[in-house]
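Structure record follows, encoded as structure tokens.
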Amino acid sequence: MIPLASHAPDALEPQAPPAALRVALLGARGIPASYGGFETFAEQLATRLAARGHEVTVYAECGDQPVADTVYQGVRVRSRRRPRWGAASVLAYDCACLWDARRGYDLVYMLGYGAAWACWWPRVFGVPVWINVDGLEWARSKWGWGARTYLRCMEWVASKVATRLIADAEAIALRFRQTYPGGAPSSFIAYGAELVQAGQADPSLLAAWGLQAHRYMLVVARPEPENHILEIVRGHVLHGGDWPLVVVGDVSGGTAYQQQLKALASDRVLFVGGIYDAAQLNSLRVHAACYLHGHSVGGTNPSLLEALACGNWVVAHDNPYNREVARDAAEYFSTPQQLAQSLDRVVSEGAALRPLRAQRARDIVAKHYTWEGITDAYEALMRAECPPHRPAGAATP
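Every letter in the sequence shown is one number past the one before it in full-length UniProt numbering, and letter 50, counting from 1, is 50.
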């Protein structure tokens, strides 16, 4: 007779939970986010990974005096000094962070490739390095020829030094695969946004600018030529309607491009400056008749995602990055004349079509751009490529 097994089969035995990974996020100014897209991304990803049990460090800027490590929603915030070296200060700060993070982690994730050459330091100690390539940084008009040449070189260096490149748009990831076929593998993992329903945005906040709900057009962008604000303003002028165009962004006149924009200011073209209060921005977005998006050199632009998450009728510059994100929830323009035609439709058909367009926009965000889904994608890739190698009892640096 065959004796009965004295214990349950191995397959039924409880499995140990996966080991926590030690992850360092570099290249942002710090968290909680108070500046731009990288900071928002760092906060959203880091806090969610920490909530799942991982040991996450986000590097942050500080002044001349050292700042002790702090904890924000389970994430260690480790400060490093940013020198006052003009344009080179960002590079020096990134290098200081990379040197500090050269060992003791299972993954170093660098946001941006401006300091790509220094990403060798963690690699020497056997630490995988991922680099988020963002968009076509070297193509931005704010850079002179020297900075553009440097950034174009760093793009190539990033393809050689990283263990993996991450792009937040498939079109950017494809470009890196085609441009640097022998370089690091390139993956697409999107940026995210939080859905905002109409009832979550207070329309009374519009009174600060003398606006009426669904009777103005909106732009939220830095005043740079690649964001096509000038073309948007000209398209609005050609449209000729009564509803004003509201431009959120610092148009202080510090550059020739900003001076061109300021010259077009009127009671129909309102430059309201930078707005950083989330409630005010949500109110402006949710209650706009449409959102005009001119960005052309980035990947998945946070402003476009946030407009979709607010249910905006979007009219976007026609390029692969915007079409990849907004899909059929947007109209597209290449010239001021095309934009004017779209604005005519917004005015004539807005009341009838706005609810359907709002639902489609939010559906796209809910399906493709939730922060939880994006964290799932990052965690899966991290576990596949960055197994924990910490010996028992080892301390975090």
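A virtual CB, placed ideally from N, CA and C, is assigned to each residue, including glycine.
Same chain only: Cβ atoms within 7 angstroms of residue i, ignoring 5 sequence neighbours per side
{"i": "Leu195", "result": "Ala309, Arg362, Val365, Ala366"}
{"i": "Ala279", "result": "Asp202, Leu205"}
{"i": "Arg357", "result": "Trp313, Ala329"}
{"i": "Ser283", "result": "Ala201, Asp202, Pro203, Leu205, Leu206"}
{"i": "Val251", "result": "Pro223, Gln258, Leu261, Lys262, Phe271"}
{"i": "Val67", "result": "Ser79"}
{"i": "Val157", "result": "Ala116, Trp117"}
{"i": "Gly393", "result": "Residue placement at Gly393 is poorly supported in this model, since its pLDDT is 40, which falls under 50; the coordinates are not used for a value here."}
Beta-carbon contacts of residue i that lie in its chain and below 6 angstroms, excluding the five residues immediately before and after
{"i": "Glu231", "result": "Pro336"}
{"i": "Ile2", "result": "With a pLDDT of only 41 at Ile2, under the threshold of 50, the placement of this residue in the model should not be trusted, and no figure is reported."}
{"i": "Tyr369", "result": "Ala190, Gly192, Ala193, Leu305"}
{"i": "Glu137", "result": "Leu151"}
{"i": "Arg48", "result": "Thr375"}
{"i": "Asn227", "result": "Ala221, Gly294, His295"}
{"i": "residue 456", "result": "Because the chain in this structure spans residues 1 to 397, residue 456 falls outside the shown range and cannot be described."}
{"i": "Ser334", "result": "Asp318"}
Anticipated Cβ contact below 8 angstroms, residue i with residue j, distance rounded
{"i": "Tyr321", "j": "Gly298", "result": "6 angstroms"}
{"i": "Pro223", "j": "Leu261", "result": "6 angstroms"}
{"i": "Gly274", "j": "Ile229", "result": "Rounded, the Cβ-Cβ distance is 14 angstroms, inconsistent with contact."}
{"i": "Val219", "j": "Val237", "result": "Val219 to Val237, Cβ: 14 angstroms. No contact."}
{"i": "Pro128", "j": "Glu385", "result": "6 angstroms"}
{"i": "Asp168", "j": "Thr300", "result": "4 angstroms"}
{"i": "Asp69", "j": "Gly27", "result": "Incorrect: roughly 18 angstroms between the Cβ atoms, too far for contact."}
{"i": "Glu372", "j": "Ala171", "result": "About 24 angstroms separates the two Cβ atoms, so there is no contact after all."}
{"i": "Arg103", "j": "Phe125", "result": "4 angstroms"}
{"i": "Gly235", "j": "Leu339", "result": "3 angstroms"}
{"i": "Trp243", "j": "Arg215", "result": "5 angstroms"}
8 angstroms Cβ shell around residue i - same chain, five flanking residues per side excluded
{"i": "Pro388", "result": "Ala19, Ala20, Leu21, Arg22, Asp106"}
{"i": "Ala100", "result": "Correcting the residue type first, residue 100 is Asp in the shown sequence and not Ala. Tyr59, Arg78, Arg80, Pro397, listed in sequence order."}
{"i": "Asp344", "result": "His239, Gly241"}
Residue i, DSSP secondary structure in three states
{"i": "Leu25", "result": "strand"}
{"i": "Pro387", "result": "coil"}
{"i": "Tyr150", "result": "helix"}
{"i": "Thr70", "result": "strand"}
{"i": "Thr47", "result": "helix"}
{"i": "Ser6", "result": "Any reading at Ser6 must be qualified, since the residue scores a pLDDT of 41, below 50, and its modelled position is unreliable; no value is offered."}
{"i": "Tyr257", "result": "helix"}
{"i": "Glu306", "result": "helix"}
{"i": "Val127", "result": "coil"}
{"i": "Pro227", "result": "Reading off the sequence shown, one finds Asn at residue 227, where the question assumed Pro. Looking at Asn227 - three-state DSSP - the assignment turns out to be helix."}
{"i": "His54", "result": "coil"}
{"i": "Ala330", "result": "strand"}
{"i": "Val248", "result": "strand"}
{"i": "Gly273", "result": "strand"}
{"i": "Leu218", "result": "strand"}
{"i": "Glu349", "result": "helix"}
{"i": "His295", "result": "coil"}
{"i": "Ala394", "result": "Residue confidence for Ala394 is low, a pLDDT of 46 falling below 50, so the modelled location carries little weight and cannot support an answer."}
{"i": "Val196", "result": "coil"}
{"i": "Ile364", "result": "helix"}
{"i": "Val286", "result": "helix"}
{"i": "Asn322", "result": "helix"}
{"i": "Leu107", "result": "strand"}
{"i": "Val133", "result": "coil"}
{"i": "Leu381", "result": "helix"}
{"i": "Ser266", "result": "coil"}
{"i": "Met1", "result": "Note that Met1 has pLDDT 41, beneath the 50 cutoff, so the model's placement of it is unreliable and the number below is only indicative. Coil."}
{"i": "Ile189", "result": "coil"}
{"i": "Ile172", "result": "helix"}
{"i": "Ile31", "result": "coil"}
{"i": "Arg140", "result": "coil"}
Proximity below 8 angstroms, CB of residue i to CB of residue j
{"i": "Leu292", "j": "Val269", "result": "no"}
{"i": "Arg81", "j": "Ala96", "result": "yes"}
{"i": "Ala207", "j": "His287", "result": "no"}
{"i": "Leu25", "j": "Val56", "result": "yes"}
{"i": "Ala289", "j": "Val346", "result": "yes"}
{"i": "Leu305", "j": "Ser187", "result": "no"}
{"i": "Val133", "j": "Leu165", "result": "yes"}
{"i": "Ala198", "j": "Gly311", "result": "yes"}
{"i": "Leu264", "j": "Val233", "result": "yes"}
{"i": "Ile31", "j": "Ala46", "result": "yes"}
{"i": "His317", "j": "Ser296", "result": "yes"}
{"i": "Leu111", "j": "Phe38", "result": "yes"}
{"i": "Glu61", "j": "Arg84", "result": "no"}
{"i": "Trp143", "j": "Tyr109", "result": "no"}
Any non-hydrogen atom of the ligand COA closer than 7 angstroms to residue i Cβ
{"i": "Arg360", "result": "You won't find the ligand COA in this model; it holds no ligand whatsoever."}
CB contact check: residue i to chain C, cutoff 8 angstroms
{"i": "Arg175", "result": "Structure shown: chain C not included; a single protein chain is present."}
Margin query: If contact is defined by three or more beta carbon pairs under 8 angstroms, each pair taking one atom from either stretch, is the stretch 116-125 in contact with the stretch 142-162?
Written below: yes
Margin query: Check whether the stretch 42-51 and the stretch 66-75 touch, using three or more Cβ-Cβ pairs below 8 angstroms as the test.
Written below: yes
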